[in-house]
Amino acid sequence: MVLAMANNGADFGIFASSRIPLPAPPPLMNLGPPPPPTDYFENGRLYHGFRKGKYMFPCDEAEKDRMDIFHKFFLVARRDQLHSTPFIPNYDRGPRILDLGTGTGIWAIDMAEIPPNLTFNQRDIESPWHGMDLDSWDLIHVRMLNGSVTSWPELYQKIYRHLKPSYGWLEHVELDMWPRCDDGTLPANSALINWARYLYEATNLAYRPMAYNTETRAMLERQGFVEIQEQVIKIPMNPWPSDPHMKDIGRWYNLGITQGLEALTIGPLTRMSGWKKVDVDRVVADAKREICSKKYHVYCNMHIWTARRPADRPAR
Numbered sequence: 000m001v002l003a004m005a006n007n008g009a010d011f012g013i014f015a016s017s018r019i020p021l022p023a024p025p026p027l028m029n030l031g032p033p034p035p036p037t038d039y040f041e042n043g044r045l046y047h048g049f050r051k052g053k054y055m056f057p058c059d060e061a062e063k064d065r066m067d068i069f070h071k072f073f074l075v076a077r078r079d080q081l082h083s084t085p086f087i088p089n090y091d092r093g094p095r096i097l098d099l100g101t102g103t104g105i106w107a108i109d110m111a112e113i114p115p116n117l118t119f120n121q122r123d124i125e126s127p128w129h130g131m132d133l134d135s136w137d138l139i140h141v142r143m144l145n146g147s148v149t150s151w152p153e154l155y156q157k158i159y160r161h162l163k164p165s166y167g168w169l170e171h172v173e174l175d176m177w178p179r180c181d182d183g184t185l186p187a188n189s190a191l192i193n194w195a196r197y198l199y200e201a202t203n204l205a206y207r208p209m210a211y212n213t214e215t216r217a218m219l220e221r222q223g224f225v226e227i228q229e230q231v232i233k234i235p236m237n238p239w240p241s242d243p244h245m246k247d248i249g250r251w252y253n254l255g256i257t258q259g260l261e262a263l264t265i266g267p268l269t270r271m272s273g274w275k276k277v278d279v280d281r282v283v284a285d286a287k288r289e290i291c292s293k294k295y296h297v298y299c300n301m302h303i304w305t306a307r308r309p310a311d312r313p314a315r
């Protein structure tokens, strides 16, 4: 059973499960009914009304398309692997898998394979997980929640407590979006670096940093996880590399990031840093030009963390 907890407005998650036949899930978000009246428009983008302002990114059709493009990007970068954990279901009826911050649900749908094995549950993943069985999940999956979480140690603690002792695995996938360049082709005062700096400053003010947390291993160790592994994949920002696979990664990342750059930027900068939309538009346009220029050999890093909950060790 795959249970998907959707990141629909606050720090939602969709729980997805593939063990027990379930009623067919609701339509994908981009095929669903009109948004509820609590949702609202701001600077031309649609936002969720649940706990208004807590989740800083839009939920409109353009953003849902961007999420699906990024799912394809992740598959390309990972050579079609949906996950990297060696989890083994310890019963005959299949695994129990939880996808936190599921977005459109596309990863959970792919994992479930058959839609009746998938169910959606909307909630704030930073609030208590009432009604969720402890010690019951084979795999809990987290992807691209930077900018949405105030306390990673607290979230890791919830995840740990809900994984099966001995058998349960966490996979956490994040992009470190800071622009990197090894050959000096990107100037230190580039528009792209300025964009990243403005975004990081604004999300820090919201106590939901977009910056990649370099203390991830230490946090997982303190929580009690074992068999902690990190994989780092270099992500070119456009198809500038000569290697065919890296070029393909760059094409898909470029498509997703250029489509989503305004969505990532407009909320944090206008709400937290007091910017006007016209100024955000200018910064986004300048950054896009550099992202799309092959003369800048720029990349970022994808981090894939896997870790197992051991037997008989209580959560800390």
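Numbering (numbering that gives the first Met the number 0), first residue to last: 0 to 315.
The beta-carbon is built from N, C-alpha and C at its ideal position, and this holds for glycine as well.
Neighbour-count burial assignment, residue i, 16 or more Cβ in a 10 Å radius
i      : result
Ser126 : exposed
Glu226 : exposed
Ser150 : exposed
Glu289 : buried
Ile87  : exposed
Arg95  : buried
Tyr197 : buried
Gly43  : exposed
His171 : buried
Lys39  : Per the sequence presented here, residue 39 reads as Tyr, with Lys not at that position. Result: exposed.
Pro243 : exposed
Cys58  : buried
Asp182 : exposed
Pro267 : buried
Gly100 : buried
Thr264 : buried
Ala15  : Because Ala15 sits at a pLDDT of 41, beneath the cut-off of 50, its placement in the model cannot be relied upon, and the following sentence gives the value as read from the coordinates. Label assigned to Ala15: buried.
Glu60  : exposed
Reduced DSSP category for residue i - H, G, I as helix; E, B as strand; rest coil
i      : result
Tyr298 : strand
His244 : helix
Ala286 : helix
Thr269 : helix
Arg307 : strand
Alpha-carbon to alpha-carbon, residue j and residue i
i      : j      : result
Lys293 : Gln121 : 41 Å
Lys275 : Gln258 : 20 Å
Gly8   : Phe56  : Residue placement at Gly8 is poorly supported in this model, since its pLDDT is 37, which falls under 50; the coordinates still yield a value, given next. Between Gly8 and Phe56, the C-alpha separation is close to 8 Å.
Trp251 : Met143 : 16 Å
Pro309 : Pro178 : 36 Å
Leu30  : Gly104 : For Leu30, the predicted model reports a pLDDT of 42, less than 50, meaning its position is unreliable and no value from the coordinates is stated.
Tyr295 : Thr184 : 5 Å
Asn193 : Ala201 : 12 Å
Cys299 : Lys53  : 27 Å
Glu261 : Leu117 : 32 Å
Arg77  : Ile248 : 9 Å
Gly223 : Arg216 : 11 Å
Cys180 : Tyr206 : 28 Å
Glu220 : Met209 : 22 Å
Asp64  : Asp311 : 43 Å
Gln80  : Ile303 : 12 Å
Thr37  : Ile108 : 27 Å
Thr305 : Asn145 : 17 Å
Ile234 : Arg270 : 29 Å
Pro152 : Leu169 : 14 Å
Arg307 : Ser135 : 13 Å
Asn203 : Pro85  : 35 Å
Glu41  : His47  : 11 Å
Candidates the options: closest to residue i by CA position
i      : options                        : result
Glu112 : His129, Gly93, Ile124          : Gly93
Ile232 : Ile96, Ile265, Met301          : Met301
Pro164 : Ala187, Ile265, Asp175, Leu133 : Leu133
Pro240 : Lys71, Gly48, Arg307, Val297   : Val297
Phe72  : Leu97, Asn237, Arg44, Asp59    : Asn237
Asn188 : Asp285, Gly48, Thr84           : Asp285
His161 : Leu254, Pro243, Ile139         : Ile139
His129 : Lys157, Glu229, Asp59          : Lys157
Leu174 : His70, Gly48, Pro186, Pro243   : His70
Phe119 : Asp137, Asp98, Asp109, Ser135  : Asp98
Val75  : Arg281, Thr269, Gly255, Tyr166 : Gly255
Gln230 : Thr269, Val141, Ser83          : Ser83
Asp278 : Asp242, Ala190, Leu204, Ala306 : Ala190
Asp123 : Val282, Glu62, Lys51, Arg307   : Lys51
Met218 : Gly273, Arg281, Tyr159, Pro186 : Tyr159
Val282 : Tyr211, Pro186, Ala195, Asn212 : Ala195
Neighbour flag for residue i against chain C, beta carbons, 7 Å
i      : result
Thr215 : Reference to chain C is not applicable here, since this structure consists of a single protein chain.
beta-carbon residue i near the ligand PLP non-hydrogen atom, thresh 6 Å
i      : result
Leu174 : As far as ligands go, the structure on display features none, and thus does not contain the ligand PLP.
Any chance you could list the alpha helix (DSSP H) runs of at least 4 consecutive residues sitting entirely within the stretch 124 to 194, in chain order? 151 to 161
Completely contained beta strand (DSSP E) runs for the stretch 192 to 266, where each covers 3 or more residues: 225 to 235
Please list the segments of the beta strand (DSSP E) lying wholly inside the stretch 39 to 100, counting only runs of 3 or more residues, in order along the chain. 39 to 41, 44 to 46, 96 to 99
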